[in-house]
Amino acid sequence: MKYAFITGGGRGLGAGFVEYLSRNGYYVFAGVQTIKPEYKNSDLVEYVKCNVGDDQSITSCVNQVKTKTVNLNLIVNNAGINKDSATDGHKEQVCTLGQLKRDKLLSMMNINAISPLMVVQAFHDLLMGSPSFVINISSDRASYHDEYDNPTGNYGYRASKAAQNMFTFCSTTDLPPNVKIFAVHPGNVKTDMNPGGSQQPVNQAEKIMTITTEWKDEYNGKFMRWDGNYYPL
101 MKYAFITGGG RGLGAGFVEY LSRNGYYVFA GVQTIKPEYK NSDLVEYVKC
151 NVGDDQSITS CVNQVKTKTV NLNLIVNNAG INKDSATDGH KEQVCTLGQL
201 KRDKLLSMMN INAISPLMVV QAFHDLLMGS PSFVINISSD RASYHDEYDN
251 PTGNYGYRAS KAAQNMFTFC STTDLPPNVK IFAVHPGNVK TDMNPGGSQQ
301 PVNQAEKIMT ITTEWKDEYN GKFMRWDGNY YPL
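Structure representation (structure tokens):
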């Protein structure tokens, strides 16, 4: 049995990973900010409370995972916030020069960039015992070569995802050889944050996992596309 921990596991791409992995040989710990009645544990899925912006919450989550296993084979840092969820709909606070709010920009940097790093740090010991992967869900918005039109500055989201990519690269210095890490643009996934998306979460989760099964050492620390190609910085 392999073990995986997914942040933001209650919906969207995170839920897609939970579904795909639990059908393909993994016991999945689905990290969610709030345990809701619709989150039903099963033989292969366990929902755990984890607010990735709170170090004490992350530590409690680690302790809960340790009651089941001392090894993790996979971490997917999927939890994130966008211009709307970070500002309660006042997206100009993180998108428009002249109306930017420091606290909103810092919130995006905290959740989208720093929190994935802190999750890896907290679970570090559980990654040591077996070949493991860390997948950081990034975005095309992190690139100078964004393939989609971007009608606003979108400072907070783009900068926080670009920082996440650099944290991914830097992590290769400290992670042991058995732990591989990469950031990935997941595609145009249909989620609450992207309701107009054309790709289904579980399908994209499967394609992203194919990167791990067709792994090349040169991928370590890199920013990838969901289809296994590099995404330009």
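Going letter by letter, the sequence shown gives residues 101 to 333 in the numbering used here. No residue lacks a Cβ here, since even glycine has one placed at the ideal position from N, Cα and C.
Let me know the secondary structure DSSP gives ARG269 once reduced to three states.
Counted from its first residue, the sequence shown places residue 269 at position 169. Reading off the sequence shown, one finds Phe at residue 269, where the question assumed Arg. Note: PHE269 maps to helix in three-state DSSP.
Under a Cβ-count criterion, where at least 16 other Cβ atoms within 10 Å of its own Cβ denotes burial, should HIS245 be classed as buried or exposed?
Indexing the sequence shown from 1 puts residue 245 at position 145. Classification for HIS245: exposed.
Per the contact definition of three or more C-beta pairs closer than 8 Å, is the region 192-205 in contact with the region 217-231?
no
Using only the alpha-carbon positions, how far apart do GLY125 and VAL302 sit?
The residue you call residue 125 lines up with position 25 of the sequence shown. The residue you call residue 302 lines up with position 202 of the sequence shown. Cα to Cα, GLY125 sits roughly 15 Å from VAL302.
Starting from ARG202, trace the alpha helix (DSSP H) both ways and give me its first and last residue.
Counting from 1 along the sequence shown, the entry for residue 202 is found at position 102. From DSSP, the alpha helix (DSSP H) with ARG202 extends over 202-209.
Neighbour-count burial assignment, VAL170, 16 or more Cβ in a 10 Å radius:
The residue given as residue 170 occupies position 70 in the sequence shown. Exposed.
Within 10 angstroms of the Cβ of MET324, are there 16 or more other Cβ atoms? Answer buried if so, exposed if not.
The residue you call residue 324 lines up with position 224 of the sequence shown. It is buried - the Cβ of MET324 has at least 16 other Cβ atoms within 10 Å.
Would you tell me roughly how many angstroms separate the C-alpha atoms of GLY131 and ARG111, rounded to the nearest one?
For the purposes of this step, residue 131 is identified with residue 31 of the sequence shown, where counting begins at 1. For the purposes of this step, residue 111 is identified with residue 11 of the sequence shown, where counting begins at 1. The straight-line gap from Cα to Cα measures roughly 10 Å.
Could you compute how far the alpha carbon of LYS168 sits from the alpha carbon of PHE117?
The residue you call residue 168 lines up with position 68 of the sequence shown. The residue you call residue 117 lines up with position 17 of the sequence shown. Cα to Cα, LYS168 sits roughly 20 Å from PHE117.
Have a look at ASP249 and MET209 and give me their C-alpha separation to the nearest angstrom.
As a first step, residue 249 is located in the sequence shown; it is residue number 149 there, counting from the start. As a first step, residue 209 is located in the sequence shown; it is residue number 109 there, counting from the start. About 22 Å.
For TYR257, is the classification buried or exposed, using 16 other Cβ atoms within 10 angstroms of its Cβ as the cut-off for buried?
Start at 1 with the first residue of the sequence shown, and residue 257 comes out as number 157. So TYR257 counts as buried.
Can you list, in chain order, the residues of its chain whose CB lies under 7 Å from that of PRO276, leaving out five sequence neighbours each side?
In the sequence shown, residue 276 corresponds to position 176, counting from 1. These residues qualify, in order along the chain: MET228.
Buried or exposed: which applies to CYS270, given that a residue is buried once 16 or more other Cβ atoms fall within 10 Å of its Cβ?
If you number the sequence shown from 1, residue 270 lands on position 170. Exposed: under 16 other Cβ atoms inside 10 Å.
If you measure between the beta carbons of ALA262 and ALA242, is that distance less than 8 Å?
Translated into positions along the sequence shown, residue 262 becomes position 162. Translated into positions along the sequence shown, residue 242 becomes position 142. Cβ atoms of ALA262 and ALA242: closer than 8 Å.
Based on Cα-Cα distance, which residue from VAL128, GLY108 and ALA283 lies nearest to PRO332?
On the sequence shown, position 232 is the one that residue 332 refers to. It is ALA283.
Identify every run of the beta strand (DSSP E) within the region 147-186, keeping only runs that are complete inside it and at least 3 residues long; order them along the chain.
174-177
Which of the three DSSP states is assigned to PHE223 in this structure?
Within the sequence shown, numbered from 1, the residue matching residue 223 stands at position 123. PHE223: coil per DSSP, three-state reduction.
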